[in-house]
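Visitor: Next up is a structure, given as structure tokens.
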Amino acid sequence: MSIEYDDGAAATLSAVSTNVADALRAQASGRSQAASEAATDFSGAYAKLFTQVCFAESQDRGRLAGVLYGLSDQLAEVRQKAKEEVDRQALLSAWEDREALRVAERDADLTDPLAETTYRAAAANDSKPSEIPIAAPAISAAFEVQERKHTGGKDGSGKTSADPARLRHFVSQSRGFNNALEGQLTSLQNAWVSFTSTCSWVLIGNSTFLTGFTGLLRENQSDVVWVEHCAQRFEAAGSGKSLTDTELTRSLKKLDKKLGTNRTHPLLDSLFGNILKPGGLKPTPTAQEVLSWWEGLSEVEREQLISEAPLVIGNLDGIPIKSRVEANALTAEYFAQVPGISDLEKTYWESVANGTRSLVTSDPENSRIVEMIGVITPSTKRTLTYVPGTSAGMRSFFDRSIQEVANHMATQTMGETVAFVYKDGPWATWVGDRRNSSPDFTLARGEELAKFQRDVIGLDTTIGGIPKNAIAHSAGMTILSGAELSGAEFDHVISIAGSYVLKDWKPNEVTNYDHVQYDQDAINALDDRTQFDTPHTRPEIFTPHIFDGGGQTPADAHSRIAQGPQTNDGPLKKILEILESPK
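Listed below in structure tokens is the structure:
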């Protein structure tokens, strides 16, 4: 009888446990240095709390590492015992085969007087291996995190002072460490699930290490939010000013720790699972699964999630666009209050918060933003996705330059067009890993764009089935070709001074392609380079519409084509004509 055991799964869990423990300990120096720097010029009751919090984190992280090293040691013993049991069973099975053969030979001729003697002689030289199974080993890995205190002061009358710049440095460093640990937790969770599902022979004792690890990350996240909020309060107070403990305590009690990518909200358990409950975390849901889950919630539950986990809901594919916009308006209230941002940025976030602008995606920390222009109604006849060129950034949205073409298309069609200005993640640059000449980067961005078309626009009950169009400026055309390579389909694709298409790209038979530019555009310099397949040199695919630039410089021509009607009226009229024309 074989045992339910997979040595590969046990080896993987052992290796992952050691690697995660190493990673936990490797953070000691960096976290200690960040805490030490933050503690400089930090005095008062909250400074003492900060020291206690950092000490607790260090203790918890060290204890968890020790538990994981211990788990790895236990798994080494498990593997040895399993090998011994497998070997014992193999030896016993082989002996039983030999014994059966000897018995068969003895019984083959019952008249042979030497048969029994021969059998006994052979059996005497072949001892039977043990029939007693080796006891299944038991493993345990218990860990529980300490809860940390973030408010204090004996009577609230004391004062606390701090250098907000040092606190923000701590926040930045800690957030990076926490993000790294989230990846480690996922690896550990996957290895544990694989082990427990394939190694039921092993007895599982008190193994709360995953629950504890989750708790450690939860407390670490709370630390970051806490310190960041303290930094904001000191920045608002002004340089060198102290705050009373009462002021800090009052503001901290109002702090919503759920702002952020908090997937531990109880209402999210049915979607993502819960590492603290049987079954643990679930596989990442598809957008369709998210939509089905969302539709199964009550209206009250949906509103609760929007208000308590807005950064999750506002950026989760499968959530209806209307709900994403509502959630992102709430996070915009927070972003507008972040100290140190420019007036331009503050005004932008305020316009999102009050509903003047609508964001389908909004995660500025990860440079993710997709603005929707227009309102989805039963009268909407088409969607338009605008894909910007090289160096598009968050500021491009704040100064409202990136939206000009899409805004004109939406407003001139009297509500029939809803446009999406797309920049989901760090965008193309001129050099480095994200350079616009990198096929790997532009294809990866294209895959994400295709996902947006499929899982956001495509799943919307109102606009999912209507014509879909795209306009791409400069390097945005390369990214758009990557989206088509990844399965995205459009009725019209309009290149405005588009750079080039990726190597394996082929035109879609159901798509109309046009290319709009001013003469002498700087992008034409790519035409003579054989490695680039440019829309400008493919009139048989991209119907050309070339406008007189009036002697402007090539660089000006390239920028102007993506501007509004004050400087770019002719091309915009042509683009509008194309969009409104039947296929």
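This note's numbering puts the first residue of the sequence shown at 467, with every later residue one more than the last.
Note that the Cβ used here is the ideal one computed from N, Cα and C, for glycine as well.
How is ASP539 classed by DSSP in three states: helix, strand or coil?
Guide: In the structure shown, ASP539 sits in a helix (DSSP, three-state: H, G or I).
Visitor: Looking only at its chain, what residues have a beta carbon closer than 6 Å to the beta carbon of ASN781, apart from the 5 residues adjacent to it on each side?
Guide: THR827, ASP829
Visitor: Going along the chain, which residues of its own chain have a beta-carbon closer than 8 Å to the beta-carbon of SER862, five neighbours each way excluded?
Guide: PRO854, ILE868, LYS889
Visitor: Between VAL756 and ASP783, what straight-line distance do the alpha-carbon atoms span, to the nearest angstrom?
Guide: 7 Å
Visitor: By alpha-carbon positions, which one of GLU1006, ASP970, PHE998, GLU975 ends up nearest to HIS981?
Guide: GLU1006
Visitor: Let me confirm a value: GLY681 is counted as buried when at least 16 other C-beta atoms fall within 10 Å, else exposed. Which label applies?
Guide: buried
Visitor: What is the residue span of the beta strand (DSSP E) that GLN983 lies within?
Guide: 978-984
Visitor: Spatial neighbours of ILE779 within its chain, please: C-beta separation below 6 Å, excluding the five flanking residues on both sides.
Guide: LEU771, ILE772, ILE785, ALA793
Visitor: Determine the direct distance from the alpha carbon of ALA504 to that of ALA464, and round the result to whole angstroms.
Guide: Missing from the structure shown is residue 464; the chain here goes from 467 to 1049 and no further.
Visitor: Going by beta carbon distance, what residues of the same chain come within less than 8 Å of ASP473, once the five residues before and after it are set aside?
Guide: ARG545, ALA548, LYS549
Visitor: Do ALA819 and LEU850 count as a contact pair if the criterion is CB distance below 8 Å?
Guide: no
Visitor: Cutting at 6 Å between CB atoms, please list the residues of its own chain near SER653, excluding the five before and the five after it.
Guide: VAL482
Visitor: Label PHE896 either buried or exposed according to how many other C-beta atoms from any shown protein chain fall within 10 Å of its C-beta, with 16 as the threshold for buried.
Guide: Contrary to the premise, residue 896 reads as Trp rather than Phe in this sequence. Classification of TRP896: exposed, given that the 10 Å Cβ count is below 16.
Visitor: Check whether the region 1001-1020 and the region 983-991 touch, using three or more Cβ-Cβ pairs below 8 Å as the test.
Guide: yes
Visitor: Name the one or two DSSP bridge partners that PHE1008 has.
Guide: TYR979
Visitor: Just how far apart, CA to CA, sit VAL766 and PHE918?
Guide: 27 Å
Visitor: How many whole angstroms separate the CB atoms of VAL691 and ARG614, which I take to be in contact at a CB cut-off of 8 Å?
Guide: Their Cβ separation, rounded to whole angstroms, is 12 Å, which puts VAL691 and ARG614 out of contact at 8 Å.
Visitor: In angstroms with no decimal places, state the Cα-to-Cα distance between LEU567 and ALA601.
Guide: 30 Å
Visitor: With a CB to CB cut of under 8 Å and the five nearest residues on each side skipped, what residues in its chain are close to PRO1031?
Guide: HIS874, LEU1038
Visitor: To the nearest angstrom, how far is the alpha carbon of SER965 from that of SER1047?
Guide: 25 Å
Visitor: Under 7 Å Cβ to Cβ from CYS696, same chain only, skipping five residues before and after it: list those, please.
Guide: TYR512, ALA628, LEU633, LEU714
Visitor: Using only the alpha-carbon positions, how far apart do GLU438 and HIS635 sit?
Guide: In the structure as shown, the chain begins at 467 and stops at 1049. Residue 438 is therefore absent and cannot be evaluated.
Visitor: By Cβ distance, which residues of its chain are closer than 7 Å to GLY1015, with the 5 residues on each side in sequence left out?
Guide: TYR984, ASP985, GLN986, ALA1023
Visitor: Using the beta-carbon count (16 or more within 10 Å), is ILE598 buried or exposed?
Guide: exposed
Visitor: State the Cα-Cα distance for the pair THR710 and VAL841, rounded to the nearest angstrom.
Guide: 47 Å
Visitor: Where SER705 and ALA885 are concerned, what is the direct C-alpha to C-alpha distance, given to the nearest angstrom?
Guide: 44 Å
Visitor: Kindly identify the DSSP beta-bridge partner or partners of ASN935.
Guide: BP columns for ASN935 point to LEU850, HIS958.
Visitor: Just how far apart, CA to CA, sit SER571 and ALA581?
Guide: Note on identity: in this sequence residue 571 is Glu, with Ser being the wrong assignment. Approximately 8 Å, taken between the alpha carbons.
Visitor: Helix, strand or coil for ASP994, going by three-state DSSP, please let me know.
Guide: coil
Visitor: Does the beta-carbon of PHE661 have 16 or more other beta-carbons within 10 angstroms, so that it is buried, or is it exposed?
Guide: buried
Visitor: Per DSSP, THR710 forms a beta bridge with which residues?
Guide: When DSSP reads this structure, THR710 sits in a beta bridge with LYS625.
Visitor: Roughly how far, in whole angstroms, is the beta-carbon of SER961 from the beta-carbon of PRO1001, given that I think they are within contact range, below 8 Å?
Guide: 4 Å
Visitor: Going by DSSP, what residue range makes up the alpha helix (DSSP H) through LEU825?
Guide: No alpha helix (DSSP H) contains LEU825, which is instead part of the beta strand (DSSP E) from 824-829.
Visitor: For ARG429, count the other beta carbons within 10 Å of its own beta carbon; 16 or more makes it buried, fewer makes it exposed. Which is it?
Guide: The structure shown does not extend to residue 429, since the chain is modelled only from 467 through 1049, so no value can be given for it.
Visitor: As a quick exercise: from THR484, ILE1044, THR883, THR750, pick the residue whose alpha carbon is nearest that of HIS958.
Guide: ILE1044
Visitor: Would you mind stating whether THR856 and ALA910 have Cβ atoms separated by less than 8 Å?
Guide: no
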